[in-house]
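First up is the structure itself, then whatever we jot down about it.
Protein chains: 2
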Amino acid sequence: MAQPLKGREIHLKSRPKGEPTPEIFELVEAAVPEPTDGQVLVRNHFMSVDPYMRGRMNDTKSYVPPFKLGEVLDGGSVGQVVRSRSPDFKEGDYVVGGTGGWREYAVAPAKHYQKVDPSVGPLSAYLGVLGMPGMTAYVGLLDIGKPAAGETVFVSGAAGAVGGVVGELARIKGCRVVGSAGSDAKVKHLREQLKFNDAFNYKSGPVAESLAKAFPEGIDVFFDNVGGEHLEAALGLMKNHGRIVLCGAISQYNATAPTPGPRNLMLAVGKRLTLQGFIVSDHGDRRADFLRDMGGWLREGKVSDVSTIVDGLDKAPDAFIGMMRGDNTGKMLVRLVKDA
Amino acid sequence: MAQPLKGREIHLKSRPKGEPTPEIFELVEAAVPEPTDGQVLVRNHFMSVDPYMRGRMNDTKSYVPPFKLGEVLDGGSVGQVVRSRSPDFKEGDYVVGGTGGWREYAVAPAKHYQKVDPSVGPLSAYLGVLGMPGMTAYVGLLDIGKPAAGETVFVSGAAGAVGGVVGELARIKGCRVVGSAGSDAKVKHLREQLKFNDAFNYKSGPVAESLAKAFPEGIDVFFDNVGGEHLEAALGLMKNHGRIVLCGAISQYNATAPTPGPRNLMLAVGKRLTLQGFIVSDHGDRRADFLRDMGGWLREGKVSDVSTIVDGLDKAPDAFIGMMRGDNTGKMLVRLVKDA
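Residue numbers (the working numbering), protein chains in the order written: chain Y, 17 to 356; chain Z, 17 to 356.
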């Protein structure tokens, strides 16, 4: 029998109060178990850090259970099958999964993984534009926001993994799209690389003022990743029968006390607005459509694979903390295999 | 030619700051003009006072234009055609309309009126269960809330003109329904007359506590007439995929400064909630269905015609002020013709 395999992984040592700090994480070396029947052993090439993980670091019930203290974190990852005890995968297959992240090697039931086609896009794209963030943009904008050609779309946090794709999809659908982002460099990225019709830096003035300038005609669809001031400003500018897609509220995830809601929410009555929250994992029935459409658009250059990559599992906590602060443009990823 | 007809009407003398007071209204006697081609002259038997009128007393743009200072107010009324210059109505017809209220005699285009059938329900019911409030309940609950049999429904302000009907419709649809109201007498009314499964007095403790007791299993559909504390409490108890029907926010209409929104609005993401505002006048295509269904349920005793009636046009301001304070049970009406 071969030498038992060892791998490094990141544990949650304590729960963050407010903004997460490096001290709440711990890098641990652990033996990698042999896969049992129905399981696969995957060597992760990339792992994902995502805003929703911040909620799971709290000890509160939500749509996903909290991370456990003293145990390895989990999340999305993409890699290669090293050993398979499942008929669904063979050694060498490239796979993506939602639960094997924050570690170099993962052992998990085969059903947690899906095979990916590295000819459609780089492996890392399966954690971004071809993965959960891309599908969040696809389902949220197209199925919930339902933009019609000629309508106006506002995306908050538009330089993030989801927001950038939302903007590109809105352009594909013939909409005028404006995004907000947290730096001038990101604003330039939105305008120049992602071809947003316009963009503004939400840190350089009141959102309501920037938004009123960007949308003299009002907003039909608002895709909200940020919450807080963004949501209140957008409510004031929504057109009648507008749709607000509630995807996230990264401005509030580090809050240590409840933050006030929009003071003008009741505009939703007179304007006949719909505000709808959603979770991408409810929409598995759209996965085939998503991969077909998004794969096509990626090949045609209509959507972009944008990411900010940090190297080494030991840097994963910094990557997460940085992502929460907005250090990334596009998808924030941790590369776990050199030259992957 | 006959003596020119004179009638009394209520003008808006000044705009209210916060809670409206009698001084902002003025009773004026004015000549009633002769109807011209396409118009009818209607003697009002009942006029309506409704929460949405409070918004129109402010000088702010909304889905209906503000009332003008020094001019007669308008709103719903039901009465009898005295003179007709339209082929659609003849003298003696009973009609309901949305713009001829706050006066004894109204002259208006015939297209502002609809004929009513006094054999289906009393004339006054066409301002209540068979009128705009009933249709608001019908469209809001059935088309927007979409309750399924076995689901749970919460109605805030349930003893009002809309809320009571919402509760009865929810029962007809096989739901468990609980309402909130502002007095113990109203709570008794909801439980005993309107057959709500349960009801509570929102003035006797925090809404969140009363609501948690009333819905140990959570809420599927929330029909909100009140806003504020009610909305925040309900958000905390909504079940996954729940629907919140935003009908009104009477708790906030007299506010002189913006009131904070629900601090927990972002629960809508994880719980996949939909919040939707609506205006009944958008749903004219449902009027025939509404009259057929509601007329049938009224005859079968499945919905109730509940109203609080005040006599005399001079009492209309008090009726409006009282309605805003919650003095009414069911529809608040002003009777303008003795023994109508």
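Glycine included, every Cβ here is placed at the ideal spot set by N, Cα and C.
Between residue i and chain Y, is there a C-beta pair that is closer than 8 Å?
{"i": "Z:Lys-286", "result": "The residue asked about is misnamed: residue 286 of chain Z is Gly in this sequence, not Lys. For Z:Gly-286, the answer is yes, since a Cβ of chain Y falls inside 8 Å of its Cβ."}
{"i": "Z:Met-340", "result": "no"}
{"i": "Z:Phe-41", "result": "no"}
{"i": "Z:Gly-243", "result": "yes"}
{"i": "Z:Gly-277", "result": "yes"}
{"i": "Z:Ala-164", "result": "no"}
{"i": "Z:Leu-291", "result": "yes"}
Quick one: what does DSSP say residue i is sitting in, helix, strand or coil?
{"i": "Z:Ser-220", "result": "coil"}
{"i": "Z:Phe-336", "result": "helix"}
{"i": "Z:Ala-284", "result": "helix"}
{"i": "Y:Gln-268", "result": "helix"}
{"i": "Y:Thr-275", "result": "coil"}
{"i": "Z:Val-97", "result": "strand"}
{"i": "Z:Ala-122", "result": "strand"}
{"i": "Z:Asp-309", "result": "helix"}
{"i": "Y:Gly-346", "result": "strand"}
{"i": "Y:Arg-31", "result": "coil"}
{"i": "Z:Ser-172", "result": "coil"}
{"i": "Z:Tyr-79", "result": "coil"}
{"i": "Y:Leu-1", "result": "Since the first residue shown for chain Y is 17 and the last is 356, residue 1 of chain Y is missing from the structure and cannot be characterised."}
{"i": "Y:Ile-295", "result": "coil"}
{"i": "Z:Asp-321", "result": "coil"}
{"i": "Z:Thr-152", "result": "helix"}
{"i": "Z:Asp-330", "result": "helix"}
{"i": "Z:Ala-164", "result": "coil"}
Our contact map puts residue i next to residue j with C-beta atoms below 8 Å; I'd like the distance itself, whole angstroms only.
{"i": "Y:Ala-265", "j": "Z:Met-282", "result": "4 Å"}
{"i": "Z:Met-69", "j": "Z:Pro-32", "result": "Actually they do not touch by this definition, with Cβ atoms about 11 Å apart."}
{"i": "Z:Arg-101", "j": "Z:Gln-55", "result": "5 Å"}
{"i": "Z:Met-148", "j": "Z:Val-350", "result": "Not a contact, Cβ separation roughly 15 Å."}
{"i": "Z:Gly-190", "j": "Z:Ala-165", "result": "3 Å"}
Work out the CA separation of residue j and residue i for me, nearest whole Å.
{"i": "Y:Asn-344", "j": "Z:Ser-199", "result": "54 Å"}
{"i": "Z:Leu-21", "j": "Z:Arg-259", "result": "51 Å"}
{"i": "Y:Asp-66", "j": "Y:Tyr-269", "result": "12 Å"}
{"i": "Y:Ala-250", "j": "Y:Thr-290", "result": "13 Å"}
{"i": "Z:Glu-245", "j": "Y:Gly-338", "result": "36 Å"}
{"i": "Z:Val-182", "j": "Z:Phe-41", "result": "32 Å"}
{"i": "Y:Ser-297", "j": "Z:Asp-75", "result": "46 Å"}
{"i": "Z:Leu-307", "j": "Y:Phe-306", "result": "44 Å"}
{"i": "Y:Gly-95", "j": "Y:Ile-325", "result": "15 Å"}
{"i": "Y:Lys-204", "j": "Z:Val-242", "result": "44 Å"}
{"i": "Z:Ala-273", "j": "Z:Ser-267", "result": "13 Å"}
{"i": "Z:Pro-36", "j": "Y:Gly-180", "result": "48 Å"}
{"i": "Z:Leu-206", "j": "Z:Asn-217", "result": "11 Å"}
{"i": "Y:Pro-163", "j": "Y:Lys-219", "result": "27 Å"}
{"i": "Y:Asp-309", "j": "Y:Lys-131", "result": "17 Å"}
{"i": "Z:Met-151", "j": "Y:Ser-30", "result": "54 Å"}
{"i": "Z:Phe-105", "j": "Z:Asp-327", "result": "27 Å"}
{"i": "Z:Gly-86", "j": "Z:Asp-53", "result": "27 Å"}
{"i": "Y:His-257", "j": "Y:Leu-57", "result": "50 Å"}
{"i": "Y:Val-97", "j": "Y:Ala-126", "result": "10 Å"}
Would the beta-carbon of residue i fall within 8 Å of that of residue j?
{"i": "Z:Arg-1", "j": "Y:Pro-276", "result": "In this structure chain Z extends from 17 to 356, so residue 1 of chain Z is not present and cannot be described."}
{"i": "Z:Val-88", "j": "Z:Glu-25", "result": "yes"}
{"i": "Y:Ala-197", "j": "Y:Ala-174", "result": "yes"}
{"i": "Z:Lys-331", "j": "Z:Ala-177", "result": "no"}
{"i": "Z:Gly-156", "j": "Z:Phe-239", "result": "yes"}
{"i": "Y:Ser-320", "j": "Y:Leu-139", "result": "no"}
{"i": "Z:Val-48", "j": "Z:Val-123", "result": "yes"}
{"i": "Y:Leu-262", "j": "Y:Gly-293", "result": "yes"}
{"i": "Y:Leu-247", "j": "Y:Phe-231", "result": "no"}
{"i": "Z:Lys-287", "j": "Z:Glu-184", "result": "no"}
{"i": "Y:Gly-92", "j": "Y:Gly-117", "result": "yes"}
{"i": "Y:Leu-352", "j": "Y:His-61", "result": "yes"}
{"i": "Y:Val-169", "j": "Y:Asp-236", "result": "yes"}
{"i": "Z:Arg-99", "j": "Z:Pro-134", "result": "no"}
{"i": "Z:Val-171", "j": "Z:Val-145", "result": "no"}
{"i": "Z:Tyr-142", "j": "Z:Arg-59", "result": "no"}
{"i": "Z:Trp-313", "j": "Z:Ile-160", "result": "no"}
{"i": "Z:Ile-295", "j": "Z:Tyr-129", "result": "no"}
Please report whether the beta-carbon of residue i lies at a distance below 8 Å from any beta-carbon of chain Z.
{"i": "Y:Tyr-79", "result": "yes"}
{"i": "Y:Phe-294", "result": "yes"}
{"i": "Y:Gly-190", "result": "no"}
{"i": "Y:Thr-76", "result": "no"}
{"i": "Y:Asp-298", "result": "yes"}
{"i": "Y:Thr-272", "result": "no"}
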